Structure formats: structure tokens, C-alpha cells
Amino acid sequence: MPRNIRFLRTKHSVVETARSSEAALQGAPIYGSISLEEFEANNEIKIPLSLEKEHQDSAFSTQPGKFSSFFNNKILHKKYASLEDNLGTDIIHIVYATEDQSEINIYQIKSLDRNPQSAIDTQQAYFDPSFITIGDIEGHPAILEDTSSIKGGSKKQVWIATEDCYYVLHTGSPTISLNALKEIAEKINF
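When we follow the numbering used here, the leftmost residue of the sequence shown carries the number 93, and every step to the right adds one.
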């Protein structure tokens, strides 16, 4: 994300001005603006902020830290980014658009629990057990969900818990694999 981008501060969220649609701001009173640097001064952003550039520079590479062949659907650009304060819980949300107009949503949510395994156990109750696998991403407990095996199912989700944050990556696209989401999750700066 370019460092000169500013975010508009509304009552409950901070929306990136450079890419947000007018619809996202309709009716939202503006309370000033904040730069990414100002936000980062009090919050650590750990999710990838320039995935489209990284994908463009290294598409289909099998080198460590680069994208693999799981990505046959090129990430074109960041479609939306927001920074929210939801009742004291900071939420960072980025949506990337792919070549076939699919979307990859990535969230970083400040943890109030501070116990990753407890968070996983609680969150697990919200998933259909026949579509999930419990595992880990970079040593952190994770729930992996894939409904693509059922007719009409295409939801894939990676839900990761750490002491500081929860991370959620999801897509409803049949063209983006669970392995692709896992690969993006491995790029989080835990």
C-alpha cells in the first residue's frame, strides 16, 4: 500500500480514500483523516499490504517466500482497505481482486482473548465439522474450511489465532484454492 494514502475517519471506521467506492462513504460523517503511518504508530499491521505487487513480481515461482503454482488466478489490485475500531477491537480488512474478478478477503482482528487455543475451540463451534480441518499456520493454531466438495459450495476460509490477533482469510471463488489462501496466510508477519 503506498505510504501516501490517507484514510477517512468516520464514526466506526477508517476507509482508504484512494480506493474506496463512494457507496462505502455515503451518509458516513467524516471526522478527519489518518495516514497509514499514523495508524501504524499505535497498531501493528501484520497482514500483507501489497500482495498484488508481490504476486506480480514473483508469479508462479517456487522459491521460498514467493507465490507457487496454487495461484493460477493472478491478483490484480487491492480493491478495498479499511481500518475499523469496533467497540475497542481494531479490525483491518483488505480485499484483493483477481484476474477473474474473484475476491480474497483478509482480516486482522485484535484479540481480546489472548489464548489462541481457547479462541480456536470457541470459533470451531461456528463451523460445520465435516468441512474443517484443525491445523496450524506458521506454528499458530488454525481452522481450515473448504466447502468446495459439495454442490454449489465454494467457500474457503483460513482462521488463525495468536495471542495478539486473529487472522481470517476467505473467498467464495471456485477458482481460488484453500492452498492459495494458506500460502497467503504464511505471508502474515506473525
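Here a beta-carbon is modelled for each residue, glycine too, at the ideal position from N, C-alpha and C. Quantities reported herein were computed from a predicted structural model and do not represent experimental measurements.
Query	Result
I'd like to confirm the pairing. Which residues does DSSP put opposite residue 198 in its beta bridges?	186 and 261
CA-CA distance, residue 142 and residue 281?	13 Å
Should residue 255 go down as buried or exposed, given a rule of 16 or more other Cβ atoms within 10 Å for buried?	exposed
For residue 228 and residue 212, I'd like the C-alpha separation in whole angstroms.	11 Å
What does the alpha-carbon distance come out to for the pair residue 237 and residue 185?	19 Å
Looking only at DSSP bridge pairs, what is residue 172 linked to?	187
What are the boundary residues of the beta strand (DSSP E) that includes residue 249?	248-253
Please go through the same chain and pick out, in chain order, the residues whose beta-carbon is closer than 8 Å to the beta-carbon of residue 119, but skip the five residues on each side of it.	Only weak support is given to the placement of residue 119: the predicted model assigns it a pLDDT of 46, under 50, and the question is left unresolved by the model.
Just how far apart, CA to CA, sit residue 273 and residue 170?	16 Å
Return yes when the Cβ of residue 195 is within less than 8 Å of the Cβ of residue 265, no when it is not.	yes
Taking just the CA atoms, how far does residue 248 sit from residue 198?	12 Å
What are the boundary residues of the alpha helix (DSSP H) that residue 277 is part of?	270-277
How should residue 83 be labelled, buried or exposed, when 16 other C-beta atoms within 10 angstroms of its C-beta is the threshold for buried?	The question about residue 83 has no answer here: the residues shown for the chain are numbered 93 through 282.
Who are the near neighbours of residue 207 in its chain, counting only those whose CB is closer than 8 Å to its CB and skipping five residues on each side?	255
Please report the distance separating the alpha-carbon of residue 168 from that of residue 221.	33 Å
What's the call for residue 200, buried or exposed, on a 16-neighbour Cβ count within 10 Å?	buried
When we look at the beta-carbon of residue 204 and count the other beta-carbons within 10 Å, is it buried (16 or more) or exposed?	exposed
Beta strand (DSSP E) containing residue 225: first to last residue?	224-229
Roughly how many whole angstroms lie between the Cα atoms of residue 260 and residue 223?	16 Å
Measuring straight from C-alpha to C-alpha, what distance separates residue 246 and residue 263?	8 Å
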